[in-house]
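J.: If you read the sequence shown in my numbering, its first letter stands for residue 218, the second for the next number, and so on.
Idealized CB from N, CA, C, for every residue including glycine.
This is the structure I have questions about; it appears just below.
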Amino acid sequence: MTKIYFIKKFEEEFIEKIKNDSIIFPLDYKSLDILKNKKIKFELIDDILTDEERKELFLKCRDVWEKFSKVKNNELEYENINIFRIIDRNEIQEYLMELFSESLLIKKIISKYSPDVIYAPKGVIEIIKGQENKIKLIEIYEEHENELSFDYVNIRKKIGNFEINSKISRKQFKKIKSIIQILNRIFNRNNNLDNNERKILFFEFDPNLYKNLLKQVRKIGYTPLLINFRKPAISSKISFDIIRETKSIVFSPEILKIDKTKFHKIEEKCKNLINFVETNNDFLEFNIFDLKLSKIIKNQILRILNERLEEYILQINYFKLLDERNDIIAGISLNLSGETEMIFSKIKKNTQMILLQHGFSNYYDFNSYSDILDDYDLLNGKIAVWGNPLRDYLIKKYNCNEKDILVSGSPRHENFTPNLKIDLSKKNIVITPRPLIKHVEGTKLKLQLRYENVLERLILSLKNINNVNIIFKLHPQQNTHNDIMKSIIKKLDSKIIILQDESIKGILDDTYLLINISPDNLDASTVIFESMLTNVPIINIKLQKNNWEYEFEKNGAVISYNYDSNYEDEILNLINSKTDYIKQISKINEFLEFYLKNKQNASEELIRLISNN
Numbered sequence: 218m219t220k221i222y223f224i225k226k227f228e229e230e231f232i233e234k235i236k237n238d239s240i241i242f243p244l245d246y247k248s249l250d251i252l253k254n255k256k257i258k259f260e261l262i263d264d265i266l267t268d269e270e271r272k273e274l275f276l277k278c279r280d281v282w283e284k285f286s287k288v289k290n291n292e293l294e295y296e297n298i299n300i301f302r303i304i305d306r307n308e309i310q311e312y313l314m315e316l317f318s319e320s321l322l323i324k325k326i327i328s329k330y331s332p333d334v335i336y337a338p339k340g341v342i343e344i345i346k347g348q349e350n351k352i353k354l355i356e357i358y359e360e361h362e363n364e365l366s367f368d369y370v371n372i373r374k375k376i377g378n379f380e381i382n383s384k385i386s387r388k389q390f391k392k393i394k395s396i397i398q399i400l401n402r403i404f405n406r407n408n409n410l411d412n413n414e415r416k417i418l419f420f421e422f423d424p425n426l427y428k429n430l431l432k433q434v435r436k437i438g439y440t441p442l443l444i445n446f447r448k449p450a451i452s453s454k455i456s457f458d459i460i461r462e463t464k465s466i467v468f469s470p471e472i473l474k475i476d477k478t479k480f481h482k483i484e485e486k487c488k489n490l491i492n493f494v495e496t497n498n499d500f501l502e503f504n505i506f507d508l509k510l511s512k513i514i515k516n517q518i519l520r521i522l523n524e525r526l527e528e529y530i531l532q533i534n535y536f537k538l539l540d541e542r543n544d545i546i547a548g549i550s551l552n553l554s555g556e557t558e559m560i561f562s563k564i565k566k567n568t569q570m571i572l573l574q575h576g577f578s579n580y581y582d583f584n585s586y587s588d589i590l591d592d593y594d595l596l597n598g599k600i601a602v603w604g605n606p607l608r609d610y611l612i613k614k615y616n617c618n619e620k621d622i623l624v625s626g627s628p629r630h631e632n633f634t635p636n637l638k639i640d641l642s643k644k645n646i647v648i649t650p651r652p653l654i655k656h657v658e659g660t661k662l663k664l665q666l667r668y669e670n671v672l673e674r675l676i677l678s679l680k681n682i683n684n685v686n687i688i689f690k691l692h693p694q695q696n697t698h699n700d701i702m703k704s705i706i707k708k709l710d711s712k713i714i715i716l717q718d719e720s721i722k723g724i725l726d727d728t729y730l731l732i733n734i735s736p737d738n739l740d741a742s743t744v745i746f747e748s749m750l751t752n753v754p755i756i757n758i759k760l761q762k763n764n765w766e767y768e769f770e771k772n773g774a775v776i777s778y779n780y781d782s783n784y785e786d787e788i789l790n791l792i793n794s795k796t797d798y799i800k801q802i803s804k805i806n807e808f809l810e811f812y813l814k815n816k817q818n819a820s821e822e823l824i825r826l827i828s829n830n
């Protein structure tokens, strides 16, 4: 009798439920980690799906969601906006990629092994039931609910030696934000929308990162208006001081002076929209690789709508009122697919929308299919880019009008200044492990095992060098894989410094060498670019092999190695050889001349370009 276990969101308390004479397939990184630590034999899922199948899944998930989010149906719309369109596209892409890749590999495993019994958690059992198998299915536990990226918010703060690390719901987060907004109204008298000044909207900007840009807006006599629904504009005393200094307005519904009686039918409209989705089956029918998952997807969408739809509709009404004003000249956003940004881009009639490049974009023929993660396909206005390479790509790939591309440089990075650190007696080696995400390729467990091996090799080799400090800087994004990496690092050396929310600029100012770990090679981490700006050489370790090179690899600005290469010798060489270290910095500066414009005055240039348009 063939028995198979599919394990997902596994907890150690369930170990006794596993029978020894079974084939075990972990489906996520946490379950893999537990099984490995408990020395329980398991099979890897990675090679069951080819890279071509993963790419096809990515494209199909993207296209099918585009189709549903553009359906014209009065019952699915509010103010002519399809409610599916408002859900964050990257969030839903990650969900669909994980669901479909997992379902397809389960289907293939069943076909290959023809099991008599399958043991699995409740969510996986539901996937298998949809495939109409006659196999005996036994539910061994009910896993935690499948959370999406923006179902919750991580609150991480460090006050002295005291750390706050808490996950809170969107509902709880809104309450905290309302308290912050009340305090802002009390202590910030500039928070007046009717101040007779022209205004520029900033969607989901962090004042700490864009202080210079806000100051330039103020300098020409405009008022910055910060619109933050995902996280508060005021998150610290520093951000509050920046807002006061730049006389920025922090948006809250109260500043619109709304007659709330206008919104009395919103609750009824939400119920009608949700009821229509619940009672109709002529949409959300996904046919990908003949996998029957529409019921599961529909339940997830209904959960999103029940939790968020009222918030979406209120935002639509707020933004209609903002767009009708004659004192707003432009809106600047860092993406076009987030909830806040998507709503305004669909509502606006009078306000030009400018997408500001927010990351280290390097797109070529080999990875152009994934450029939707930067929302270039959603462009319907202007875009501000950091330099000519992205401008040229957008003209070639999307036939963008050159007049709509503002080559401004990066306002976020004006304060990153080059400084040499050759003669430091103690050298900080900063390791930036990028978390595994599922947007493009789904789950790949081999990458987790390679991660463990690379982390162990790096820590062991660096600990043998007397004059270095090892510092890990995790990505600040909400991703459970960050927690797994923290655990691995602490097991290898409990005394190693692990940072996450600290300023990357402050860290790089004291960094001698950056070691970046890249899981998928489909784009480049922005920390590589930031390291270049501070004259810090970079070694990039790739967890997947490929046959392409980025421009920064071709000219040697970044030294790339595969995960199974001998990168330790190169690290040692850059630590000990001043000559090679200086040569590396010259290659970095050569690349920056090619890639970046207006290194120190990007904010000034961006506001000049906007005010002249």
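So, using beta-carbon positions, are glycine 598 and glutamine 569 closer together than 7 Å?
T.: In this structure, glutamine 569 lies closer than 7 Å to glycine 598 by Cβ.
J.: From the DSSP output, read off the bridge partner residues of phenylalanine 480.
T.: Beta-bridge pairing links phenylalanine 480 to no other residue.
J.: Should glycine 548 go down as buried or exposed, given a rule of 16 or more other Cβ atoms within 10 Å for buried?
T.: Counting Cβ neighbours within 10 Å, glycine 548 comes out buried, since at least 16 surround it.
J.: Taking phenylalanine 317 as the reference, which of Asn299, Leu276, Ser286 has the closest Cα?
T.: Among Asn299, Leu276, Ser286, the Cα nearest to that of phenylalanine 317 belongs to Leu276.
J.: Between the stretch 743–760 and the stretch 550–561, do at least 3 Cβ pairs fall closer than 8 Å?
T.: Judged by Cβ distances under 8 Å, the stretch 743–760 makes no contact with the stretch 550–561, as fewer than three pairs qualify.
J.: Report buried or exposed for leucine 526, applying the criterion of at least 16 other Cβ atoms within 10 angstroms of its Cβ.
T.: Buried: at least 16 other Cβ atoms inside 10 Å.
J.: Assign aspartate 592 to buried or exposed, taking buried as 16 or more other Cβ atoms, counted over all protein chains shown, within 10 Å of its Cβ.
T.: Buried, by the Cβ-count rule.
J.: Please classify lysine 448: does DSSP put it in a helix, a strand, or coil?
T.: Coil.
J.: To which residues of the same chain is aspartate 588 closer than 7 Å at the C-beta, ignoring the five residues directly before and after it?
T.: Same-chain partners within the cutoff: Tyr580.
J.: For leucine 418, which of Asn543, Leu789, Leu731 has the nearest alpha-carbon?
T.: Of the listed residues, the one whose Cα sits closest to leucine 418 is Asn543.
J.: Just curious, the alpha helix (DSSP H) that methionine 314 is in, first and last residue?
T.: It spans 306–330 - the alpha helix (DSSP H) in which methionine 314 sits, taken as one unbroken run.
J.: Does the stretch 224–239 come close enough to the stretch 284–301 that 3 or more CB-CB pairs lie under 8 Å?
T.: Segments in contact, no.
J.: Mind checking which residues open and close the beta strand (DSSP E) that includes glutamine 761?
T.: It is not in any beta strand (DSSP E) - glutamine 761 carries neither H nor E in the DSSP assignment.
J.: Cβ of leucine 653 within 7 Å of Cβ of leucine 664?
T.: Result yes, Cβ atoms of leucine 653 and leucine 664 sit closer than 7 Å.
J.: Verify whether the separation of the beta carbon atoms of arginine 447 and glutamate 421 is less than 7 Å.
T.: Yes.
J.: Can you tell me whether lysine 428 is buried or exposed? The criterion is at least 16 other CB atoms within 10 Å of its CB, across all chains shown.
T.: Classification for lysine 428: buried.
J.: Give the straight-line distance between the Cα atoms of arginine 415 and arginine 279, rounded to the nearest whole angstrom.
T.: Each residue's alpha carbon lies about 38 Å from the other.
J.: DSSP three-state label for isoleucine 300, please.
T.: Correct three-state label for isoleucine 300: helix.
J.: What residue from Leu551, Asn552, Lys537 has the CA that sits closest to isoleucine 545's CA?
T.: Closest by alpha carbon: Lys537.
J.: Provide the residue span of the beta strand (DSSP E) that contains proline 650, from first to last.
T.: From DSSP, the beta strand (DSSP E) with proline 650 extends over 644–650.
J.: Helix, strand or coil for glutamate 719, going by three-state DSSP, please let me know.
T.: Three-state DSSP puts glutamate 719 in coil, outside helix and strand.
J.: If glycine 659 and glutamate 315 are in contact, beta carbons under 8 Å, what's the gap, nearest whole angstrom?
T.: About 6 Å; that satisfies the 8 Å criterion.
J.: Helix, strand or coil for proline 628 per DSSP?
T.: Of the three classes helix, strand and coil, the one that applies to proline 628 here is helix, per DSSP.
J.: Name the one or two DSSP bridge partners that threonine 440 has.
T.: DSSP, once it has assigned bridges, lists Lys416 as partnering threonine 440.
J.: Below 8 Å on the Cβ atoms is my guess for isoleucine 687 versus isoleucine 646; work out the distance and round it to an integer in Å.
T.: Sure, about 6 Å apart at Cβ, within 8 Å.
J.: In angstroms with no decimal places, state the Cα-to-Cα distance between isoleucine 466 and asparagine 408.
T.: Cα-Cα distance, rounded: 5 Å.
J.: Among Val288, Asp609, Leu473, which residue has its Cα nearest to the Cα of asparagine 412?
T.: Minimum Cα distance to asparagine 412 is reached at Leu473.
J.: What does the alpha-carbon distance come out to for the pair lysine 515 and serine 320?
T.: Roughly 16 Å separates the two Cα atoms.
J.: Could you tell me which whole alpha helix (DSSP H) segments of length 4 or greater appear in the stretch 532–564?
T.: Qualifying alpha helix (DSSP H) stretches, in chain order: 556–564.
J.: Can you give the Cα-Cα distance for glutamate 821 and phenylalanine 493, rounded to whole angstroms?
T.: For glutamate 821 and phenylalanine 493, the distance between alpha carbons rounds to 49 Å.
J.: Can you check DSSP and say which residues form a bridge with alanine 601?
T.: DSSP output for alanine 601 lists Leu573, Leu623 as bridge partner(s).
J.: At which residues does the alpha helix (DSSP H) containing alanine 819 begin and terminate?
T.: Per DSSP, alanine 819 belongs to the alpha helix (DSSP H) from 819–828.
J.: With glutamate 785 and serine 678 assumed to form a contact (beta carbons below 8 Å), what rounded beta-carbon distance in angstroms separates them?
T.: With 8 Å as the limit, glutamate 785 and serine 678 qualify as a contact, their Cβ atoms being about 5 Å apart.
J.: Using 7 Å as the threshold, is the C-beta distance between tryptophan 765 and phenylalanine 583 below it?
T.: Going by C-beta atoms, tryptophan 765 is nearer than 7 Å to phenylalanine 583.
J.: Please classify histidine 692 as buried or exposed, where buried requires at least 16 other C-beta atoms within 10 Å of its C-beta.
T.: Buried, since its Cβ has 16 or more Cβ neighbours within 10 Å.
J.: What alpha helix (DSSP H) runs, 4 residues minimum, are completely inside the stretch 654–698?
T.: With a minimum length of 4 residues, the continuous alpha helix (DSSP H) runs that stay inside the stretch 654–698 are 662–680.
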